[in-house]
Each structure stands twice: as C-alpha cells, then as structure tokens.
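Input: a single structure, listed below in structure tokens.
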Amino acid sequence: MSAQVIDGKAVAAEVTARVKQRVEALKSKGVTVGLAVILAGEDPASQVYVRNKIKKCAELGIESRRIDLPADVTMETMLETIDALNNDPAIHGILVQFPPPKQLDQEKIIDAISPEKDVDCFCDRNVGRILEGRIDGFLPCTPAGVMELLKAAGIDPAGKHAVVVGRSNIVGKPLAALLMQKNKGANATVTVVHSGTPDLARFTRDADILIAAIGKPCFITGDMIKPGAAVIDVGINRIATPDGKGKLAGDVDFESAVEVAGAITPVPGGVGPMTIAMLMDNAVRAAEKAAADA
Ligand code: GUN
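Numbering of the sequence shown is given in my numbering, commencing with residue 11 and proceeding in unit increments.
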C-alpha cells in the first residue's frame with residue numbers, strides 16, 4: 011500500500027490566496043502590510059529561506075524590507091536595527107533569520123522585538139499565550155503550518171495519539187501545545203520524544219499522527235511507523251550525493267515510510283511552503299491589529 015502524499019504547495023497556495031485578499035482589503039483602507047527581514051551573515055541555507063520569504067511578499071503585495079548585516083555584526087548594531095524597526099509604523103512584522111552568527115545572543119534578539127511585531131511568535135508573551143490556549147494572535151509558523159496540513163488532508167487530531175519527535179522552541183514545543191489544545195482541529199493526546207528518549211521507536215510505533223522534527227536526515231524509517239498513520243516531515247536537511255550536488259532530505263526516510271503510512275508529506279513540497287504561508291498570515295494579522303488599534 012502506498013500512502014496519500016499531502017501536497018504542501020497546494021495547501022500553501024490556498025492559504026496565501028486568502029492572505030492576499032486580506033492584504034488587498036487593507037490596501038483599500040490605505041494600509042500597506044510591511045515586513046522587515048533581517049539576515050546577519052551569509053549562511054547559504056538562510057540566504058535561500060530569506061529570498062523565498064521576500065519573493066512571497068512580492069507575490070502577495072506585502073512590502074518587504076530586507077536588511078543584510080555583516081557576519082561580524084555586533085549585538086549593539088543588531089539591537090539598534092531592531093529598535094528602529096520597532097518604532098517604524100510602516101513595518102508591521104519583524105523577522106530575524108536564525109541561527110544568527112555565533113557572537114549574537116538569540117534570546118536577546120527575540121526579547122528585543124516588539125511582541126506586536128513578533129511574526130515568528132518566538133517571544134515569551136506570544137509563546138505563553140499559545141500555552142494558555144489564546145490562539146487569536148500570532149501562531150508559530152511551522153507548527154501552525156502542520157496543523158493546516160492536517161486539516162487540509164482531512165486528518166482530525168481529536169482523540170488521536172500524536173507523537174512529536176523533537177523538542178525545539180521553533181517546532182516541537184509549540185506544536186505539542188497546538189495539538190493538545192481543547193479546540194476543534196486539535197484535542198490530541200500528545201507525546202514528545204527527543205534525543206534523550208531511550209527506545210524512541212516504541213512511541214513512534216504507537217502514533218496515529220507522527221511529526222518528525224528532530225533535524226536528522228531519514229531518521230524515521232518505515233519500521234518505526236504504525237500502518238496507516240499520518241506522517242508529517244518537518245525536517246529540511248541537506249545531504250551529500252555522489253554527483254557532489256547534494257539534495258534535500260527530510261527527517262523521514264520517504265521510500266520506506268510511504269509504504270507503511272496512510273498519509274505523508276514530501277520534502278521538499280510539504281511543510282516548507284506552509285511555514286512561509288503562515289508567516290505571511292501573521293504579517294497580515296499584525297497589520298490588521300495595528301489598523302484596528304490606530
Ligand atoms: N530559522 C529556521 N526556521 C526559522 C523560522 O521559522 N524563523 C526564523 N526567524 N528563523 C528560522
């Protein structure tokens with residue numbers, strides 16, 4: 011049996027079509043959505059991610075402002091840059107691409123961004139609200155993208171056992187929070203497993219919904235999956251190929267997994283496009299809120 015392959019590009023296109031309508035509605039009221047993206051250094055993967063975000067802004071009529079800082083930028087300059095954007099009414103959302111260069115303190119960067127402009131949903135106030143079940147504000151982009159994918163594929167987490175592999179602040183922890191909410195489209199029983207979990211496959215084999223977000227290429231193999239489970243692959247790992255060009259691989263070994271799972275996301279073309287779509291949604295949310303408060 012071969013699993014249903016969930017088309018993240020198609021679902022992301024539906025989300026962004028709705029976002030575009032809201033961008034246009036704001037424009038008709040004289041508000042142009044503005045998103046600032048800060049990239050420090052020249053990490054090749056970060057360059058690609060930032061380019062894709064800027065491109066998506068242009069497609070949707072969102073005004074992007076890309077700020078490139080040198081790899082040896084000081085914390086002081088980074089904080090000054092963020093402060094200027096916090097005080098700029100044309101900018102509704104601020105994103106600092108992570109990971110930052112080593113000399114910068116990621117937590118201080120997150121703390122410096124105004125919570126009203128924190129479109130990544132990384133700051134303590136916004137993360138705390140998610141834990142409290144207040145999901146009417148910003149949503150964490152990748153976790154929210156996973157929830158949208160499940161919905162689009164007709165997979166209702168209610169009453170199911172969802173196993174999240176990975177406990178990062180960006181994906182694992184907030185995704186566990188979203189899946190366990192006492193809300194429509196959530197209400198799962200959630201287990202989080204990670205690099206410190208002995209015999210991790212014991213848990214993954216019990217998952218009705220298995221989310222792989224551990225950052226290790228092809229870590230989840232077919233024998234670790236319950237037949238018929240929904241498998242969502244959040245991993246984006248660059249791996250070497252014999253021709254030297256390299257390629258992207260998820261955290262799931264797609265070839266063996268697709269034979270066991272009931273539904274599965276590919277890499278690329280699964281979760282990746284959803285993360286950007288949800289970022290655009292948050293940027294518009296920020297502008298709508300700013301316009302309503304004005
Ligand atoms: N680096 C990897 N994923 C992300 C993300 O979702 N947001 C930011 N700012 N940086 C990242």
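Glycine included, C-beta positions come from ideal geometry on N, C-alpha and C.
Everything numeric in this text was worked out from a predicted model, so none of it was measured.
- prompt: Per the contact definition of three or more C-beta pairs closer than 8 Å, is the region 284 to 304 in contact with the region 137 to 152?
  reply: yes
- request: Might you give, ordered along the chain, the residues of its own chain that have their beta carbon closer than 8 Å to the beta carbon of E269, omitting 5 neighbours on each side?
  value: M11, S12, A13, G232
query: Is L189 near the ligand GUN, judged by its Cβ being under 8 Å from some heavy atom?
result: no
message: Using C-beta distances below 8 Å, list every residue in its chain close to K257, excluding the 5 sequence neighbours before and after it, in chain order.
response: R248, I249, T251
query: What's the call for A287, buried or exposed, on a 16-neighbour Cβ count within 10 Å?
result: buried
- request: Look at the Cβ atom of A301, then the Cβ atom of K39, and state whether they are nearer than 9 Å.
  value: yes
message: Quick check: what's the CA-CA separation for R28 versus I246?
response: 26 Å
message: Three or more C-beta pairs under 8 Å: does that hold for the region 164 to 184 against the region 228 to 244?
response: yes
task: Note the first and the last residue of the continuous alpha helix (DSSP H) segment covering S74.
output: Taken as a continuous stretch (DSSP letters only), S74 belongs to no alpha helix (DSSP H), being part of the beta strand (DSSP E) at 73 to 79.
Inter-residue Cα distance where the pair is D115 and A81: 14 Å
- request: Over the uninterrupted alpha helix (DSSP H) stretch that includes N247, give me the two end residues.
  value: That residue, N247, is in no alpha helix (DSSP H); its beta strand (DSSP E) goes 247 to 249.
- prompt: Could you give the residue range of the beta strand (DSSP E) that holds T199?
  reply: 199 to 203
message: Suppose the cutoff is 7 Å on Cβ atoms and the five residues either side in sequence are ignored; what does the same chain contact list for V202 look like?
response: V174, R177, G182, A186
query: In three-state DSSP terms, what is I48?
result: strand
message: Nearest by alpha-carbon distance to A46: which of E69, I274, P99 is it?
response: P99
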